[in-house]
Amino acid sequence: NAGVTQTPKFQVLKTGQSMTLQCAQDMNHEYMSWYRQDPGMGLRLIHYSVGAGITDQGEVPNGYNVSRSTTEDFPLRLLSAAPSQTSVYFCASSYGTGGMNTEAFFGQGTRLTVV
Amino acid sequence: AQSVTQLGSHVSVSEGALVLLRCNYSSSVPPYLFWYVQYPNQGLQLLLKYTSAATLVKGINGFEAEFKKSETSFHLTKPSAHMSDAAEYFCAVSGRYAGNNRKLIWGLGTSLAVNP
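Residue numbers (the working numbering), protein chains in the order written: chain A, 14 to 128; chain B, 14 to 129.
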């Protein structure tokens with residue numbers, strides 16, 4: 014059971030480039046989310062999805078797009094990379110929402126550097 | 014609205030000493046509470062969770078946490094620190110029911126250093 018798989022693990026982008034961070038889970042979880050982790054700022058929610066075809070914004074959505082065409086996949090797109098998007102990105106999934114359903118399972122992270 | 018406060022962004026202990034990482038929450042309904050650990054260059058993994066079955070919760074790697082409603086706290090402890098415990102620790106809270114309180118709310122994390 015692979016759990017949550019993120020690719021790539023490392024990426025360097027030039028300012029203005031676009032890219033997609035991939036996230037896939039094989040646990041049939043309804044809820045998926047993307048976080049960014051920066052020193053001293055903890056985890057900040059970028060976007061989340063409560064099921065296929067349904068996405069919503071988190072705390073820091075600007076500069077990012079998501080889509081959820083299948084239960085398994087939840088890619089994060091950087092439209093035009095900026096140095097402020099240098100961060101470690103985590104994808105997480107959970108059974109659903111509310112109570113115990115919110116127990117999150119995390120991918121290994123993508124370390125992104127924008128130069 | 015729910016919130017989580019982790020007191021102390023950095024904690025340093027000696028190997029063999031007691032580990033105490035503090036977490037206080039704010040919630041209008043009885044919450045679910047979680048502690049996660051993040052080892053260097055890795056993702057987060059669940060240490061333990063409080064679901065109201067018991068106020069003292071035991072987790073992996075010898076960690077435990079006690080839910081104290083009167084103090085709105087869920088502090089993480091381990092009797093004897095090991096070098097391998099050096100990591101970032103996150104406390105998180107979720108509402109008990111689906112709805113507006115359904116997302117996980119995270120603390121800012123506490124970095125634990127263990128000195129030989």
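Backbone N, C-alpha and C define an ideal beta-carbon position, used for all residues, glycine too.
Nearest to residue i (by Cα), restricted to the options the options
i, options, result
"Val17 (chain B)", "B:Val106, B:His23, B:Ala78, B:Thr68", "B:Val106"
"Gln76 (chain B)", "B:Gln15, B:His95, B:Leu117, B:Pro43", "Position check: residue 76 (chain B) holds Phe in this sequence, whereas Gln was assumed. Checked all of B:Gln15, B:His95, B:Leu117, B:Pro43; the closest Cα to Phe76 (chain B) is B:His95."
"Gly56 (chain B)", "B:Tyr102, B:Asn128, B:Lys116", "B:Tyr102"
"Ala95 (chain A)", "A:Gly76, A:Glu72, A:Val63", "A:Gly76"
"Ala30 (chain B)", "B:Leu117, B:Asp98, B:Glu84", "B:Asp98"
"Gly66 (chain A)", "A:Arg57, A:Leu58, A:Val79, A:Glu72", "A:Val79"
"Val63 (chain A)", "A:Gly16, A:Thr33, A:Gly109", "A:Gly109"
Cβ shell of residue i (< 7 Å), same chain only, five flanking positions each side left out
i, result
"Leu59 (chain B)", "Phe47, Tyr49"
"Glu79 (chain B)", "Thr68, Leu69, His88"
"Tyr25 (chain A)", "The amino acid occupying residue 25 (chain A) in the given sequence is Val; Tyr does not appear at that position. So the qualifying residues of the chain are Thr126, Val128."
"Glu85 (chain A)", "Ala37, Gln38, Asp39"
Cβ shell of residue i (< 8 Å), same chain only, five flanking positions each side left out
i, result
"Gly21 (chain B)", "Leu34, Arg35, Thr123"
"Gly122 (chain A)", "Gln19, Lys22, Gln50, Val101, Tyr102, Phe103"
"Asn128 (chain B)", "Ser25, Val26, Ser27, Glu28"
Status (buried if at least 16 other CB within 10 Å, exposed otherwise) for residue i
i, result
"Asn113 (chain B)", "A caution first: Asn113 (chain B) carries a pLDDT of 48, below 50, which makes its placement in the model too unreliable to give a value."
"Lys81 (chain B)", "exposed"
"Leu28 (chain A)", "According to the sequence displayed, residue 28 (chain A) carries Thr and not Leu. Exposed is the call here."
"Gln19 (chain B)", "buried"
"Ser93 (chain B)", "exposed"
"Ser83 (chain B)", "exposed"
"Leu117 (chain B)", "buried"
Other residues of its chain near residue i: CB distance less than 6 Å, five sequence neighbours each side excluded
i, result
"Ala105 (chain A)", "Ser46, Ala117, Phe119"
"Gly72 (chain B)", "Leu60, Leu61"
"Glu72 (chain A)", "Arg57, Leu58"
"Arg90 (chain A)", "Thr33, Asn78"
Counterpart residues of residue i in DSSP-defined beta bridges
i, result
"Glu79 (chain B)", "B:Leu69, B:His88"
"Gln15 (chain B)", "None; Gln15 (chain B) has no bridge partner."
"Tyr38 (chain B)", "B:Val17"
"Glu43 (chain A)", "Its beta-bridge partners do not exist; DSSP assigns none."
Problem - Near-chain A residues of the segment 53-74 of chain B (beta-carbon distance less than 9 Å), N- to C-terminal order - result: If the cut-off is 9 Å between Cβ atoms, the segment 53-74 of chain B has Asn54, Gln55, Gly56, Leu57, Gln58, Leu59, Lys62, Thr64 near chain A.
Problem - Within 7 Å of chain B by C-beta, residues of the segment 27-42 of chain A in sequence order - result: Interface annotation for the segment 27-42 of chain A against chain B: empty, criterion Cβ-Cβ distance under 7 Å.
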